[in-house]
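Student: Input: one structure, supplied below.
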Amino acid sequence: MVIQLHAPTVKPGSPIQANVSLARLTSFRVGGPAEWYAAPKTLDDLHECFEWADTHSVPVTLLGAGSNLLISDRGLSGLAIGTRYLRRIHVDRENAQITAGAGVSMAALAWKAAYLGWSGLEWSVGIPGSIGGSVVMNAGAHGSEIQDILVQATVLSPQTGEISRRVVPDLGYSYRTSNLQGSHQLVTEATFQLQPGYDSAVIQAQTREHLERRHATQPYHLPSCGSVFRNPEPQKAAWLIEQSGLKGRRIGGAEVAQMHANFILNRDNATAADIFNLIDYVRNEVYHRWDVLLEPEVRMLGPFCAA
Ligand SMILES: Cc1cc2nc3c(=O)[nH]c(=O)nc-3n(C[C@H](O)[C@H](O)[C@H](O)COP(=O)(O)OP(=O)(O)OC[C@H]3O[C@@H](n4cnc5c(N)ncnc54)[C@H](O)[C@@H]3O)c2cc1C
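If you want it as structure tokens, here you go:
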């Protein structure tokens with residue numbers, strides 16, 4: 051147990067703020083406050099945040115775009131570090147590679163590649179995550195995944211302050227995860243290999259098609275985290291949930307989406323507890339009916355307990 055003799059304080063001008071609401075920083079739009087929060091704009095700010103956390107012995111949680119997170123109504127203790135201002139983009143035309151900061155959105159990167167007439171990111175345009183979160187989660191859609199196009203990720207190890215470049219074999223990738231998950235190491239930027247030489251209008255049209263297909267098949271306009279459960283291959287979580295008769299099932303303000311059964315929506319001022327309890331309910335129902343225990347893809351942060 052860490053005993054703190056003095057409550058942590060921050061210097062004037064520090065990027066660290068106390069008691070910041072996290073609900074607005076997640077796609078579910080739920081969750082309590084972070085005890086401390088910072089969104090560093092530079093690597094120096096980032097180092098300062100980690101040093102501060104180390105000095106005051108407070109735990110650190112890393113947040114990307116918050117599109118795969120369920121944060122407890124009781125919030126997070128310690129320091130939450132958001133990457134949304136790490137937005138540098140560098141285009142290497144000679145090698146058809148793009149390097150993007152952790153806080154760049156997948157959509158921005160996909161459109162950047164499309165305008166250049168470079169193929170390889172069309173599938174990712176509808177993923178509402180950041181580069182950092184997507185590298186960590188090995189985000190994927192339509193048969194493609196981040197690991198297919200990643201050249202290297204730049205990773206900061208807070209314990210040592212060391213910055214290292216990791217290539218795909220270093221990252222322990224598998225379906226929607228990597229060995230960076232839960233490691234407390236922070237992806238600061240990542241470089242992707244694209245295929246050049248296409249007509250930009252064609253790549254733009256294909257990118258738009260991916261987005262339209264998503265809007266037609268997923269409840270995009272309501273707060274969610276996308277797919278709640280990993281697919282228990284070869285089965286599909288959505289099919290198992292739908293066949294269990296759970297579409298439209300509600301707990302409080304949370305609802306299993308009619309349009310896509312693997313989505314849970316914050317339909318009407320849901321709390322994180324409503325969503326957590328609905329996830330638990332769906333898991334139990336599917337288990338009893340199909341003998342398959344669904345594993346959540348969504349990352350749950352902070353204290354939760356089943357009703
Ligand atoms: C409508 C909707 C549709 C979606 N569709 C898809 C889809 O088709 N395919 C898919 O794969 N996902 C999908 N998702 C889920 C989500 O967008 C992806 O998992 C995304 O890659 C998460 O990125 P993020 O920046 O939001 O990460 P967050 O949700 O903020 O974080 C996810 C995890 O990554 C860690 N993390 C975040 N940034 C960093 C960093 N820089 N360094 C180290 N760790 C970090 C966090 O600590 C957390 O453990 C969807 C979500 C929504 C809301």
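Residue numbers (the working numbering): 51 to 357.
Even for Gly, the Cβ is constructed at its ideal location relative to N, Cα and C.
As the structure is a prediction and not an experimental result, all values here were calculated from the model.
1. Beta carbon of proline 178: closer than 7 Å to some heavy atom of ligand 1?
2. Return the bridge partner residues of isoleucine 213 from the DSSP annotation.
3. Does the Cβ of methionine 187 lie closer than 7 Å to at least one heavy atom of ligand 1?
4. DSSP state of serine 277, grouped into three classes?
5. Rounded C-beta distance between isoleucine 196 and leucine 206? I'm assuming under 8 Å.
6. Specify the secondary structure class of glutamine 256 as computed by DSSP and reduced to three states.
7. Determine, using beta carbons only, whether valine 217 and glutamine 231 come nearer to each other than 8 Å.
8. Taking all protein chains shown into account, do 16 or more other C-beta atoms lie within 10 angstroms of the C-beta of lysine 61, making it buried, or fewer, making it exposed?
9. Is the CB-CB distance between histidine 310 and alanine 288 below 8 Å?
10. Drop a sphere of 10 angstroms on the beta-carbon of glutamate 347, count the other beta-carbons inside from all chains shown, and report buried for 16 or more, exposed for fewer.
11. Pick out whichever of Gln308, Arg317 and Ala158 has its Cα sitting closest to the Cα of arginine 258.
12. Does the Cβ-Cβ distance between serine 169 and leucine 244 come in under 8 Å?
13. In its own chain, which residues sit with a C-beta less than 6 Å from the C-beta of serine 174, not counting the 5 before and 5 after it?
14. Relative to the C-alpha of alanine 251, which candidate in Pro208, Tyr165 and Gly179 has its C-alpha closest?
15. Relative to the alpha-carbon of cysteine 275, which residue among Ser71, Leu72, Asn69 and Ser77 has its alpha-carbon at the smallest distance?
16. Is alanine 152 near ligand 1, judged by its Cβ being under 7 Å from some heavy atom?
17. Per DSSP, what kind of secondary structure is histidine 234 in: helix, strand or coil?
18. Tell me which residue opens and which closes the alpha helix (DSSP H) that threonine 105 is part of.
19. Check threonine 267 in the structure and name its three-state DSSP category.
20. When you compare each of Ala57, Leu171, Ala89 and Gly63 to valine 70 by their alpha carbons, which one comes out closest?
21. Which whole runs of the alpha helix (DSSP H) in the stretch 67-151 are 4 residues long or more, in chain order?
22. Roughly how many whole angstroms lie between the Cα atoms of phenylalanine 279 and glycine 82?
23. When every heavy atom of ligand 1 is checked, does at least one fall within less than 7 Å of the C-beta of glycine 224?
24. Could you tell me whether the stretch 322-337 touches the stretch 93-104, using the rule of 3 or more Cβ pairs below 8 Å?
Tutor: To lay it out plainly:
1. The beta carbon of proline 178 sits closer than 7 Å to at least one heavy atom of ligand 1.
2. According to DSSP, which records beta bridges pairwise, isoleucine 213 is partnered with Leu206.
3. In this structure, ligand 1 has a non-hydrogen atom nearer than 7 Å to the beta-carbon of methionine 187.
4. In the structure shown, serine 277 sits in a strand (DSSP, three-state: E or B).
5. Going by Cβ atoms, the distance from isoleucine 196 to leucine 206 rounds to 19 Å, so no, they are not a contact pair.
6. Note: glutamine 256 maps to helix in three-state DSSP.
7. Not a contact, by the Cβ cut-off of 8 Å.
8. It counts as exposed.
9. Between histidine 310 and alanine 288, the gap from beta carbon to beta carbon is short of 8 Å.
10. Its Cβ being crowded by 16 or more others within 10 Å, glutamate 347 is buried.
11. Of the candidates Gln308, Arg317 and Ala158, Ala158 places its Cα closest to the Cα of arginine 258.
12. Yes, Cβ-Cβ distance for serine 169 and leucine 244 is below 8 Å.
13. Counting only Cβ-Cβ distances below 6 Å, and skipping sequence neighbours, we find Met156 and Ala160.
14. Looking only at Pro208, Tyr165 and Gly179, the smallest Cα-Cα distance to alanine 251 is reached by Tyr165.
15. Closest option to cysteine 275, Cα to Cα, is Ser77.
16. Yes, the Cβ of alanine 152 comes within 7 Å of a heavy atom of ligand 1.
17. Coil, per DSSP.
18. DSSP places threonine 105 in the uninterrupted alpha helix (DSSP H) bounded by 93-105.
19. Threonine 267: helix per DSSP, three-state reduction.
20. Ranking the options by Cα distance to valine 70, first place goes to Ala89.
21. Fully enclosed alpha helix (DSSP H) runs of no fewer than 4 residues occupy 93-105 of the stretch 67-151, in order along the chain.
22. Each residue's alpha carbon lies about 23 Å from the other.
23. The sequence shown places serine at residue 224, not glycine. No; taking the cut-off as 7 Å, the Cβ of serine 224 has no heavy atom of ligand 1 nearer than that.
24. Between the stretch 322-337 and the stretch 93-104, the count of C-beta pairs closer than 8 Å stays below three; the two stretches do not touch.
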